[in-house]
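J.: Quick note: the sequence shown, position 34, residue 52 per our numbering, numbers continuous. Ideal Cβ positions, reconstructed from N, Cα and C, are used throughout, including at glycine. Only a predicted model underlies this, so the values are computations on that prediction, with no experimental measurement involved.
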Amino acid sequence: MASKRNFTMLIGAGGTSGHINPALTLANYTKEQNPEAEIVFCGLKDSLEAEIVARAGYKLEYIRAVVLPSRGSRKKLRWLRENISGVWQCLKYIRRYKPDIVVSTGGFVGSPLVFAGLLLKKPVLLHEQNALPGRSNRFFGPFCKAVCISFAESVKYFKRKTRTVLTGNPVSAGFFKLTKEEARRKLNIAEDVFHIVMMGGSLGARSLNNAVADLVESGKWAAMIAEYPNLFLTISTGMQRGKEICRQLSAVPNITASEYLYDGLFWMASADLFVGRAGAMTCAELAALGLPSILIPYPYAADDHQTFNARTLTDVGAALMCRDQEFSAEYLHEQILMLIKDRVGLATMGKQARTKALPNATAKIHDTLLRVIRNGRD
Numbered sequence: 019m020a021s022k023r024n025f026t027m028l029i030g031a032g033g034t035s036g037h038i039n040p041a042l043t044l045a046n047y048t049k050e051q052n053p054e055a056e057i058v059f060c061g062l063k064d065s066l067e068a069e070i071v072a073r074a075g076y077k078l079e080y081i082r083a084v085v086l087p088s089r090g091s092r093k094k095l096r097w098l099r100e101n102i103s104g105v106w107q108c109l110k111y112i113r114r115y116k117p118d119i120v121v122s123t124g125g126f127v128g129s130p131l132v133f134a135g136l137l138l139k140k141p142v143l144l145h146e147q148n149a150l151p152g153r154s155n156r157f158f159g160p161f162c163k164a165v166c167i168s169f170a171e172s173v174k175y176f177k178r179k180t181r182t183v184l185t186g187n188p189v190s191a192g193f194f195k196l197t198k199e200e201a202r203r204k205l206n207i208a209e210d211v212f213h214i215v216m217m218g219g220s221l222g223a224r225s226l227n228n229a230v231a232d233l234v235e236s237g238k239w240a241a242m243i244a245e246y247p248n249l250f251l252t253i254s255t256g257m258q259r260g261k262e263i264c265r266q267l268s269a270v271p272n273i274t275a276s277e278y279l280y281d282g283l284f285w286m287a288s289a290d291l292f293v294g295r296a297g298a299m300t301c302a303e304l305a306a307l308g309l310p311s312i313l314i315p316y317p318y319a320a321d322d323h324q325t326f327n328a329r330t331l332t333d334v335g336a337a338l339m340c341r342d343q344e345f346s347a348e349y350l351h352e353q354i355l356m357l358i359k360d361r362v363g364l365a366t367m368g369k370q371a372r373t374k375a376l377p378n379a380t381a382k383i384h385d386t387l388l389r390v391i392r393n394g395r396d
């Protein structure tokens with residue numbers, strides 16, 4: 019039964035869906051358990067979070083923030099200027115809303131809010147999705163009331179006095195409850211279809227898009243669907259990098275292309291095989307669904323953290339991993355044919371993925387959040 023705790027929470031989340039979706043899952047669960055709670059997001063204007071948060075029905079206050087540039091970059095002055103402006107904006111929002119807690123799901127978008135919260139001595143809770151923690155969370159961790167981590171291995175990357183709590187990633191309950199049959203009914207996909215879902219992240223993945231385009235251009239895709247008429251592929255080409263290729267692939271038989279799959283839960287749940295990046299939330303969702311996968315870690319991710327995420331699944335035989343520069347139409351063609359012929363092996367991969375699922379992660383983060391608020395009020 020939901021409680022009626024009345025508190026205010028500011029959440030800093032943005033940049034990519036990997037930071038936004040866990041924040042939304044936590045917000046939704048918190049609202050269910052605490053109907054009188056006020057939840058406000060802070061994020062960038064004209065961004066993915068501006069669209070996704072609005073669709074979820076939450077208020078979003080705009081802030082300025084930019085990612086930390088590489089060493090020796092001339093963009094550091096702009097980084098400093100923009101983020102100082104963002105901190106000032108967050109100080110204003112904290113004074114306006116008087117939050118009982120400040121929450122960040124990591125990344126550069128949440129940093130100004132965390133810094134402002136610490137300056138005003140507000141309780142701050144961080145959530146780290148990745149096996150290898152991000153720079154922002156590693157830096158701010160020791161100063162926060164709690165850092166919720168998703169992998170036991172992450173503890174060693176934080177300074178000794180950091181208060182870590184192993185919770186897992188806040189995957190939407192639907193990933194544990196929705197069946198393949200239910201998802202396919204909603205999407206009008208026949209039961210006998212072998213369905214591959216490819217996602218290159220919210221911004222898109224050039225290597226994935228190119229591999230599919232080359233697969234089509236080479237004639238391999240036509241040959242595959244001639245041999246397996248029930249083979250279908252759904253691909254999310256990305257909102258930044260995939261407009262033209264989305265248009266091209268949409269005309270290809272047995273391929274559905276979209277710049278962004280807003281009903282990602284249903285598409286993933288309908289799949290027999292997932293191909294995509296190894297974001298932390300993606301890996302957690304694959305585990306919850308028990309979905310076999312081919313993972314291509316983003317090669318430019320900070321500290322190569324997606325490779326660490328992928329290994330949590332490959333190490334138990336739940337996924338295959340391919341380096342981005344080695345991913346090609348030839349590789350994709352070979353792996354699809356291998357897996358479509360080996361249904362027993364595919365099923366085993368799915369069962370192994372389930373062993374990595376943590377179904378109570380959202381509740382654990384929520385309980386930690388309430389404990390931090392309660393201690394702050396004492």
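Work out the CA separation of Lys382 and Ala20 for me, nearest whole Å.
T.: Confidence at Ala20 is low in this model, with a pLDDT of 47, below 50, so its placement is unreliable and no value can be given for it.
J.: Could you give the DSSP three-state label for Gly30: helix, strand or coil?
T.: Three-state result, Gly30: strand.
J.: Can you tell me whether DSSP reads Lys374 as helix, strand or coil?
T.: Note: Lys374 maps to coil in three-state DSSP.
J.: With a threshold of 8 Å, are at least 3 pairs of Cβ atoms found where one atom belongs to the segment 364 to 373 and the other to the segment 319 to 336?
T.: yes
J.: Would you identify the three-state DSSP class for Tyr115, choosing helix, strand or coil?
T.: Helix at Tyr115.
J.: By DSSP's criteria, Leu313 is part of a beta bridge. Which residues make up the other side?
T.: Gly294, Met339
J.: Tell me which residues share the same chain as Lys49 and place their Cβ nearer than 7 Å to its Cβ, disregarding the 5 neighbours each side in the sequence.
T.: Ala55, Ile57
J.: What would DSSP say about Met257, mapped onto helix, strand or coil?
T.: Shown here, Met257 sits in coil according to DSSP, grouped into three states, outside any helix or strand.
J.: May I ask you to list the residues that DSSP assigns as paired with Gly61?
T.: Tyr80
J.: Quick check: the Cα distance between Ala229 and Arg23, rounded to an integer number of angstroms?
T.: 51 Å
J.: Just list the residues that DSSP pairs Ser276 with in beta bridges.
T.: Paired residues: Ser254.
J.: For Tyr47, I'd like the list of residues in its chain whose CB is within less than 6 Å of its CB, leaving aside the five on either flank, ordered along the chain.
T.: Thr380, His384
J.: On a CA-only basis, which of Ala287, Glu100, Arg392 is nearest Thr197? Give me that one, please.
T.: Closest option to Thr197, judged by alpha-carbon separation, among Ala287, Glu100, Arg392: Ala287.
J.: Leaving out five residues on either side along the sequence, give the residues of the same chain with a beta carbon under 6 Å from the beta carbon of Phe59.
T.: Ile29, Val71, Tyr76, Leu78
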